[in-house]
Amino acid sequence: MAEKSGMEKLDIGALSPEQQEKLRQFKINTRIGNEKYLRSHPEVEVLLSDFLREVFLKRPADIREFAANHFTDPDLAKTICSKLQGNFD
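Just so we're aligned, residue 474 is where the sequence shown starts under our numbering, counting upward by one.
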């Protein structure tokens with residue numbers, strides 16, 4: 474049985490040139506908006522990089538349980554604030 478990847482080839486003709494341009498502009502504006510948001514919220518980068526660092530160091534067997542525990546840690550906000558202030562202990 475052939476393995477399915479969940480991805481189909483792009484159907485170039487599915488969208489009209491006008492729709493393709495609108496989609497392209499939407500993608501560009503979405504990326505710009507995301508970049509502005511991330512630049513104005515440095516805590517997001519710290520939050521995600523801290524989580525990924527812990528995942529790579531601890532390599533948990535159950536990533537979902539690990540993530541749930543990590544993001545519900547009552548000291549998480551304090552930890553992130555401390556790292557934002559330059560205390561990377």
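In this text, a Cβ means the ideal position worked out from N, Cα and C, and glycines have one as well.
Around the Cβ of leucine 511, are there at least 16 other Cβ atoms within 10 angstroms (buried) or fewer (exposed)?
-> For the purposes of this step, residue 511 is identified with residue 38 of the sequence shown, where counting begins at 1. Flag for leucine 511 reads exposed.
Exercise. Looking at the unbroken alpha helix (DSSP H) that takes in glutamine 493, where does it start and where does it end?
Worked result: As a first step, residue 493 must be located in the sequence shown, where it is residue number 20. That run of the alpha helix (DSSP H) goes 490 to 513.
- Taking only the alpha-carbon atoms, compute the straight-line gap between leucine 483 and lysine 509 and give it to the nearest angstrom. On the sequence shown, residue 483 is found 10 positions in, with the first residue counted as 1. On the sequence shown, residue 509 is found 36 positions in, with the first residue counted as 1. For leucine 483 and lysine 509, the distance between alpha carbons rounds to 30 Å.
When DSSP labels each residue in this structure, what does aspartate 548 get in the three-state scheme? Residue numbering aside, residue 548 sits at position 75 when the sequence shown is read from its first letter. Aspartate 548 falls in the coil class under three-state DSSP.
Can you check whether the CB of glutamate 491 is closer than 9 Å to the CB of leucine 557? Position 84 of the sequence shown, counting from 1, holds the residue named residue 557. Position 18 of the sequence shown, counting from 1, holds the residue named residue 491. Result no, Cβ atoms of leucine 557 and glutamate 491 do not sit closer than 9 Å.
Can you tell me whether leucine 488 is buried or exposed, with buried defined as 16 or more other CB within 10 angstroms of its CB? Residue 488 sits at position 15 when you count from the first residue of the sequence shown. Leucine 488 should be labelled exposed.
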